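Participant:
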Amino acid sequence: MLKYILFLGILISIGKICDAQEALPDFSVKKGVQNHVIISWRNNFGDNISILNIQRSADGIRNFRTIYSCPNASLAINAYTDIHPAPGELYYRIYYTTKNGNYVFTDAKKIASGYVSDGLLSKLDSTKDIAIQGDETGKLHINQLRGLKDSVLYNTSDSLFFIDTHSVLYKKFNSIAAVIQAPTNTLTQVSNYLFQNTDGNVVIRLPQNNLDAFSMIIYQPNGHTVFFKINHFDNSEIILNKSSFLHAGWYPYELFENGKLKERNKFEVK
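When we follow numbering that gives the first Met the number 0, the leftmost residue of the sequence shown carries the number 0, and every step to the right adds one.
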């Protein structure tokens with residue numbers, strides 16, 4: 000799997016030259032400069048496509064609105080940059096029609112939101128191979144790791160964390176097990192928003208009516224190195240599986256509301 004992720008990283012580098020977009024009905028949504036969003040695609044249908052529109056929605060289900068109509072829908076490779084994305088989480092889809100009258104709405108996609116520890120590459124010993132720990136394992140030269148970093152950041156919702164000068168931690172997005180329904184066992188309250196159940200998993204409960212305002216950073220036990228970063232919450236209650244954490248210990252965290260510190264505390268993983 001690590002080789003596949005590396006391959007994605009290589010594609011990013013190549014993409015600066017030849018733009019290796021996804022083929023319709025698939026497409027890619029990536030971060031651009033200055034908070035721009037880049038939607039790109041490859042047309043394998045040639046001039047059989049007569050109309051192609053980019054649509055945007057805040058929830059990915061309703062209220063899709065066309066933000067761009069492609070003047071030449073038959074181009075083999077194309078992209079559009081949303082330079083005025085609305086605040087909050089955004090979903091994009093492509094609507095296109097063919098000359099025989101068929102029409103397609105692609106699946107909705109949101110921007111890849113991978114996370115990489117600040118200044119990761121500059122903190123590593125570039126003279127030796129770097130050990131990858133966590134959900135993917137292996138050893139990479141610093142140049143290969145640069146490709147992996149870009150791939151995680153722009154093509155996934157995974158995370159890459161600094162451990163020490165010779166190793167990094169790779170955590171897949173799904174390894175933070177988000178459970179929508181309420182747990183049935185007893186909860187121990189850590190703070191106003193954080194609890195632990197009898198299995199030792201971390202339960203976060205937030206007000207549903209202001210969910211988009213919250214974000215969270217969980218640190219490694221040293222209190223300085225970022226371990227998990229949750230940029231937004233999709234549900235008012237989630238569970239962080241204790242198996243997602245490196246080892247037992249006290250993990251400090253900070254909860255933010257509208258970018259301002261709401262709560263600072265710590266919890267114990269046993």
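Just so it is clear, CB atoms sit at the ideal spot from N, CA and C, and this is done for glycine as well.
Computed from a predicted model, the values in this text were never measured in an experiment.
For S166, which residues from the same chain have a beta carbon less than 8 Å from its beta carbon, with the 5 sequence-adjacent residues on both sides left out?
Facilitator: For S166, where only same-chain residues beyond five positions count, the Cβ hits under 8 Å are I129, A130, I131, Q132.
Participant: When burial is assigned at 16 or more other CB atoms within 10 Å of the CB, is Q33 buried or exposed?
Facilitator: Result: exposed.
Participant: Buried or exposed for Q195, going by 16 or more other Cβ atoms inside 10 Å?
Facilitator: Classification for Q195: buried.
Participant: Per DSSP, E256 forms a beta bridge with which residues?
Facilitator: In the DSSP output, where bridge partners are listed per residue, E256 has F213, K259.
Participant: Please find out if some non-hydrogen atom of the ligand ADP comes closer than 6 Å to the beta-carbon of D128.
Facilitator: This structure does not include the ligand ADP; it has no bound ligands of any sort.
Participant: Tell me where the beta strand (DSSP E) around K228 begins and ends.
Facilitator: Element bounds for K228: 225 to 229.
Participant: Residue ranges of each beta strand (DSSP E) run of no fewer than 3 residues wholly in the stretch 128 to 153, ordered along the chain?
Facilitator: List check, beta strand (DSSP E) in window: 129 to 133, 137 to 139.
Participant: Between which two residues does the beta strand (DSSP E) carrying K170 extend?
Facilitator: 166 to 170 is the span of the beta strand (DSSP E), which, as asked, contains K170.
Participant: In its own chain, which residues sit with a C-beta less than 8 Å from the C-beta of L186, not counting the 5 before and 5 after it?
Facilitator: F194, Q195, N196, V202, listed in sequence order.
Participant: Going by alpha carbons, who is nearest to Y67 out of I82, P251, G258?
Facilitator: If we check each option's Cα against that of Y67, I82 comes out closest.
Participant: Can E253 and R263 be called in contact, C-beta distance under 7 Å?
Facilitator: Cβ atoms of E253 and R263: closer than 7 Å.
Participant: Which residue from D106, K30, G100 puts its Cα closest to that of I53?
Facilitator: Nearest option by C-alpha distance: D106.
Participant: Taking Cβ positions, are Y102 and T96 nearer each other than 7 Å?
Facilitator: In this structure, T96 lies closer than 7 Å to Y102 by Cβ.
Participant: Using only the alpha-carbon positions, how far apart do G14 and P70 sit?
Facilitator: The pLDDT assigned to G14 is 40, lower than 50, so where the model puts this residue is not dependable; a value taken from the coordinates is nonetheless given after this. Between G14 and P70, the C-alpha separation is close to 23 Å.
Participant: By the three-class DSSP mapping on this structure, what secondary structure does T183 have?
Facilitator: Caution applies to T183, whose pLDDT of 44 falls short of 50 and renders its modelled position unreliable; the value that the coordinates give is listed next. Residue state, collapsed to three classes: coil.
Participant: Taking the DSSP output, what are the residues bridged to F160?
Facilitator: F160 is bridged to L168.
Participant: Give the C-beta separation of A22 and A57 to the nearest angstrom, bearing in mind that I take them to be a contact with Cβ-Cβ under 8 Å.
Facilitator: Not quite, the Cβ-Cβ distance comes to about 27 Å (not below 8 Å), so this is no contact.
Participant: What are the boundary residues of the alpha helix (DSSP H) that includes L119?
Facilitator: Run containing L119: 119 to 122, per the alpha helix (DSSP H) assignment.
Participant: Might you give, ordered along the chain, the residues of its own chain that have their beta carbon closer than 6 Å to the beta carbon of Q219, omitting 5 neighbours on each side?
Facilitator: So the qualifying residues of the chain are F226.
Participant: Under 7 Å Cβ to Cβ from T260, same chain only, skipping five residues before and after it: list those, please.
Facilitator: Looking at the sequence shown, residue 260 is not Thr but Leu. So the qualifying residues of the chain are E253.
Participant: Determine whether the beta carbon atoms of K324 and Y79 lie at a separation below 7 Å.
Facilitator: Only positions 0 to 269 of the chain appear in this structure, which leaves residue 324 out of reach.
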